[in-house]
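Some notes on the structure that comes next.
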Amino acid sequence: MCGIIGYLGPRPARDVVVAGLRRMEYRGYDSAGLAVIDHGRILVRKRAGKIANLESALAAEPLPDTEIGIGHTRWATHGVPSDVNAHPHVSGNGRIALIHNGIIENFAALRTELEAQDVVFSSQTDTETAAQYLGLEVARGTDLADAMRAVCRRLEGAFTLVAIDPTQPDRLVAARRNSPLVVGVGEGEFFVASDVSAFIEFTRSAIELGQDQVVDVTRDGVTVTDFQGQPAETHPFEVTWDLSAAEKAGYDWFMRKEIFEQPKAVADTLLGRFTPDGALKLDELHIPEDELRRIDKIIIVACGSAYYAGLVAKYAIEHWTRVACEVEIASEFRYRDPIITRTTLVVTISQSGETADTLMAIRHAREQHAKVIAICNTNGATIPRESDAVIYTYAGPEIGVASTKGFLTQVAACYLLGLYLAQVLGTKFGDEIAAVMHELAATPPLIQKVLDRLEPMRELARRLVDQRSVLFLGRHVGYPVALEGALKLKEIAYLHAEGFPAGELKHGPIALVEEGIPIFVIVPPQGRDQLHDKVVSNIQEVRARGAYTIVLAEEDDTEVDPYADILFRLPRVSTLLQPLLAIVPLQFFACELATLKGYDVDQPRNLAKSVTVE
Ligand code: M6R
Numbered sequence: 082m083c084g085i086i087g088y089l090g091p092r093p094a095r096d097v098v099v100a101g102l103r104r105m106e107y108r109g110y111d112s113a114g115l116a117v118i119d120h121g122r123i124l125v126r127k128r129a130g131k132i133a134n135l136e137s138a139l140a141a142e143p144l145p146d147t148e149i150g151i152g153h154t155r156w157a158t159h160g161v162p163s164d165v166n167a168h169p170h171v172s173g174n175g176r177i178a179l180i181h182n183g184i185i186e187n188f189a190a191l192r193t194e195l196e197a198q199d200v201v202f203s204s205q206t207d208t209e210t211a212a213q214y215l216g217l218e219v220a221r222g223t224d225l226a227d228a229m230r231a232v233c234r235r236l237e238g239a240f241t242l243v244a245i246d247p248t249q250p251d252r253l254v255a256a257r258r259n260s261p262l263v264v265g266v267g268e269g270e271f272f273v274a275s276d277v278s279a280f281i282e283f284t285r286s287a288i289e290l291g292q293d294q295v296v297d298v299t300r301d302g303v304t305v306t307d308f309q310g311q312p313a314e315t316h317p318f319e320v321t322w323d324l325s326a327a328e329k330a331g332y333d334w335f336m337r338k339e340i341f342e343q344p345k346a347v348a349d350t351l352l353g354r355f356t357p358d359g360a361l362k363l364d365e366l367h368i369p370e371d372e373l374r375r376i377d378k379i380i381i382v383a384c385g386s387a388y389y390a391g392l393v394a395k396y397a398i399e400h401w402t403r404v405a406c407e408v409e410i411a412s413e414f415r416y417r418d419p420i421i422t423r424t425t426l427v428v429t430i431s432q433s434g435e436t437a438d439t440l441m442a443i444r445h446a447r448e449q450h451a452k453v454i455a456i457c458n459t460n461g462a463t464i465p466r467e468s469d470a471v472i473y474t475y476a477g478p479e480i481g482v483a484s485t486k487g488f489l490t491q492v493a494a495c496y497l498l499g500l501y502l503a504q505v506l507g508t509k510f511g512d513e514i515a516a517v518m519h520e521l522a523a524t525p526p527l528i529q530k531v532l533d534r535l536e537p538m539r540e541l542a543r544r545l546v547d548q549r550s551v552l553f554l555g556r557h558v559g560y561p562v563a564l565e566g567a568l569k570l571k572e573i574a575y576l577h578a579e580g581f582p583a584g585e586l587k588h589g590p591i592a593l594v595e596e597g598i599p600i601f602v603i604v605p606p607q608g609r610d611q612l613h614d615k616v617v618s619n620i621q622e623v624r625a626r627g628a629y630t631i632v633l634a635e636e637d638d639t640e641v642d643p644y645a646d647i648l649f650r651l652p653r654v655s656t657l658l659q660p661l662l663a664i665v666p667l668q669f670f671a672c673e674l675a676t677l678k679g680y681d682v683d684q685p686r687n688l689a690k691s692v693t694v695e
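Position in the sequence shown (first residue = 1) + 81 = the working numbering.
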């Protein structure tokens with residue numbers, strides 16, 4: 082939700098922190114701030130709005146070069162986005178500067194308690210309670226790390242905290258619960274951050290912190306304990322991607338870059354996961370085959386685009402495995418007492434691996450003794466760590482708030498899982514699985530083909546730039562593609578957009594059709610799909626009522642020609658694989674339209690990349 086960074090080392094901390102915030106701005110951009118320690122004093126600069134505002138403040142009133150600093154980019158929860166509510170927060174006694182990602186659920190009670198001790202608050206944030214509390218503890222003479230542990234034991238909710246004490250300019254202390262924190266270890270320098278992208282420029286050696294851990298960083302190294310002060314186990318890892326993956330590489334937007342990275346992202350996700358004869362090989366799935374054979378229900382749980390990827394996967398998984406597969410929005414799943422047993426397989430999908438609703442769903446499922454497999458793009462994130470097994474998608478860092486390559490690789494990974502389950506359950510013959518696997522493996526060049534023919538979508542965006550409402554229709558796997566296409570437009574072009582199952586049209590939504598309304602229609606493959614003709618009829622129905630039809634149909638499908646105002650050709654693939662191609666022009670169209678409207682495509686209003694609070 083928010084991005085946080087702390088630095089201790091010989092470089093100018095101010096510059097390292099601002100560079101790190103820039104890379105994490107996708108996590109929240111309501112306000113930004115930093116604090117350094119200079120000659121025993123905490124100096125703070127913070128501003129509402131994007132990091133550019135903070136940079137202007139720093140230009141007007143520079144901070145000195147120091148070797149320690151902390152910084153924060155905020156997605157507001159408690160308290161409006163303002164200078165005063167921006168982080169870092171300094172305790173009233175001046176002993177602590179602190180940054181926070183998450184929500185402290187019991188902040189009101191703590192605030193009352195602290196106010197009774199004459200502590201005066203200056204912001205409306207939940208975070209300030211932690212800063213004030215920590216300030217009191219260190220003023221009582223408690224060691225900084227002990228004080229942090231004491232505070233953490235009192236806090237409820239989700240938090241990553243980083244604190245510095247002006248009397249200890251060679252030390253910073255951080256803690257985490259239900260919110261991410263990684264430590265970067267360079268040559269004589271240390272970083273703590275929400276995300277490795279904050280320090281990838283300086284080091285690829287990282288340590289992943291576990292749940293309820295505190296890290297004490299000094300010039301001599303890092304010490305990790307649990308909240309009780311007991312030494313804790315950590316997981317060192319090397320970041321496998323480099324700085325260029327987290328940069329725009331000449332593109333105007335990360336989103337556009339990520340759209341064009343999709344052939345590679347899908348290829349990387351499939352790589353090494355099947356044998357030359359098309360058998361699935363998911364070595365990372367450490368769930369015994371016997372246990373998988375007992376599975377009698379699959380529940381896919383996810384949010385947003387990941388949920389739509391799950392909806393696509395349902396069609397394939399049920400078709401291949403003959404096991405009932407439900408797909409649920411994580412925030413609904415957890416609170417409706419779902420029926421989960423030991424023979425339920427819960428599959429969670431999350432690009433970030435941090436989404437709070439999905440994480441809570443995992444915890445709930447595991448309490449009911451279900452097995453949980455995570456499909457995730459972020460190595461070592463909380464969601465894969467708390468699952469029984471993980472299938473990583475290899476999309477590389479996704480920075481644009483609107484998911485693109487994340488979605489496509491999630492669909493690919495779900496398909497790998499579905500085929501693997503069919504192999505284990507014996508619901509498909511080996512040659513049938515191999516045929517699908519080989520077709521799936523052949524999709525990256527076809528995605529490239531789609532990317533090579535996107536020009537008409539640019540023109541279309543120019544034509545539709547003043548539209549107030551856009552509809553998307555699809556059937557079968559085309560339906561979630563319609564939903565995902567509509568979500569892209571809502572998120573970044575702030576346009577009313579709705580996706581409908583085309584067959585449902587006559588049951589209500591057709592009343593929305595009026596003269597000139599643009600309707601995108603995803604047409605199933607011709608001749609090989611029983612729904613093709615029905616969707617062609619749906620196009621005629623909306624066109625007869627004045628709709629402007631943008632038809633996505635496969636090459637050689639001439640039946641649609643008379644009813645399409647705009648025709649976008651998709652390479653020929655079987656129905657289940659069509660989403661991997663059909664979503665691409667819709668992503669590109671949304672990106673184009675938002676660009677034309679002058680919106681910030683990578684940082685759309687009100688959103689943040691990962692939603693780490695419920
Ligand atoms: O990181 P996750 O995949 O768990 O995120 C889930 C959703 O928040 C995410 O897909 C969101 O809907 C995107 N902004 C969609 O573009």
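For every residue, glycine included, the Cβ atom is placed at its ideal position computed from N, Cα and C.
Model, not experiment: these values are computed from the prediction.
Return the bridge partner residues of residue i from the DSSP annotation.
| i | result |
| --- | --- |
| Val698 | No answer is possible for residue 698: it lies beyond the span of the chain, which begins at 82 and ends at 695. |
| Thr241 | Asn182, Arg257 |
| Phe341 | Phe341 pairs with nothing; no bridge assigned. |
| His316 | Glu289 |
| Glu579 | Leu552 |
| Glu407 | Ile380 |
| Asp736 | Missing from the structure shown is residue 736; the chain here goes from 82 to 695 and no further. |
| Phe355 | Leu361 |
| Arg128 | Ala113 |
| Gly87 | Ile151, Val273 |
Would you mind giving the Cβ-Cβ distance between residue i and residue j, rounded to the nearest angstrom? I have them listed as a contact below 8 Å.
| i | j | result |
| --- | --- | --- |
| Ile600 | Leu552 | 5 Å |
| Ile398 | Ile379 | 6 Å |
| Ser157 | Gly114 | The displayed chain sequence assigns Ala, not Ser, to residue 157. Between Gly114 and Ala157 the Cβ distance is about 13 Å, and since that is not below 8 Å, they are no contact. |
| Arg428 | Ile456 | This sequence places Val at residue 428; Arg is not what is there. Rounded, the Cβ-Cβ distance is 7 Å, consistent with contact. |
| Tyr501 | Leu658 | No, Tyr501 and Leu658 are not in contact; Cβ-Cβ is about 17 Å, not under 8 Å. |
| Leu225 | Gln249 | 6 Å |
| Ile464 | Gly499 | That belief does not hold up - the Cβ atoms of Ile464 and Gly499 are roughly 20 Å apart, past 8 Å. |
| Tyr475 | Thr350 | 5 Å |
| Gly87 | Leu253 | 5 Å |
Hey, how far is the Cα of residue i from the Cα of residue j?
| i | j | result |
| --- | --- | --- |
| Glu467 | Val347 | 25 Å |
| Phe240 | Ala279 | 18 Å |
| Gly269 | Phe283 | 11 Å |
| Asp683 | Ala628 | 30 Å |
| Arg746 | Asp323 | The requested residue 746 does not occur in the structure, where the chain is confined to residues 82 to 695. |
| Arg417 | Ile381 | 15 Å |
| Ala637 | Ala645 | A small correction: the amino acid at residue 637 is Asp; Ala does not occupy that position in the sequence shown. Using only the alpha carbons, I get a separation of about 14 Å. |
| Lys345 | Lys338 | 12 Å |
| Arg453 | Thr422 | Correcting the residue identity first, residue 453 is Val in this sequence and not Arg. Near 12 Å, if we compare the C-alpha coordinates of Thr422 and Val453. |
| Arg235 | Leu535 | 54 Å |
| Cys672 | Glu328 | 18 Å |
| Ala563 | Val602 | 8 Å |
| Leu180 | Glu479 | The sequence given here places Ile at residue 180; Leu does not occur at that position. Distance between the alpha carbons of Ile180 and Glu479 is about 24 Å. |
| Val171 | Thr208 | 10 Å |
| Tyr489 | Gly173 | Here residue 489 turns out to be Leu, not Tyr, going by the sequence shown. Looking at the two C-alpha atoms, the distance is approximately 49 Å. |
| Ala542 | Cys406 | 37 Å |
Counting along the chain, where does the beta strand (DSSP E) carrying residue i start and finish?
| i | result |
| --- | --- |
| Ser550 | 550–555 |
| Tyr473 | 470–473 |
| Val264 | 263–266 |
| Pro635 | Contrary to the premise, residue 635 reads as Glu rather than Pro in this sequence. Glu635 -> beta strand (DSSP E) spans 629–635. |
| Cys457 | 452–457 |
| Thr425 | 425–431 |
| Val273 | 271–274 |
Hey, quick one: how far does the alpha helix (DSSP H) through residue i stretch, first residue to last?
| i | result |
| --- | --- |
| Ser703 | Outside the displayed range of the chain (82 to 695) lies residue 703, so it cannot be described from this structure. |
| Thr158 | Neither: Thr158 is in no alpha helix (DSSP H) and is coded neither H nor E. |
| Phe414 | 411–414 |
| Lys569 | 559–574 |
| Pro526 | 524–533 |
Taking the alpha carbon of residue i as the reference point, which residue from the options has its own alpha carbon closest?
| i | options | result |
| --- | --- | --- |
| Gln529 | Gln621, Gly302, Leu570, Lys486 | Lys486 |
| Thr206 | Arg234, Arg192, Asp547, Met105 | Arg192 |
| Asn182 | Arg108, Val200, Tyr560 | Arg108 |
| Asp164 | Tyr110, Thr424, Ala390, Ile118 | Tyr110 |
| Thr693 | Ala138, Arg155, Gly101 | Arg155 |
| Gly302 | Val266, Tyr332, Ala330 | Val266 |
| Leu633 | Phe649, Arg626, Arg624 | Phe649 |
Taking 7 Å as the cut-off, does the CB of residue i come closer than this to any heavy atom belonging to the ligand ATP?
| i | result |
| --- | --- |
| Leu392 | You won't find the ligand ATP in this model; what it holds is the ligand M6R. |
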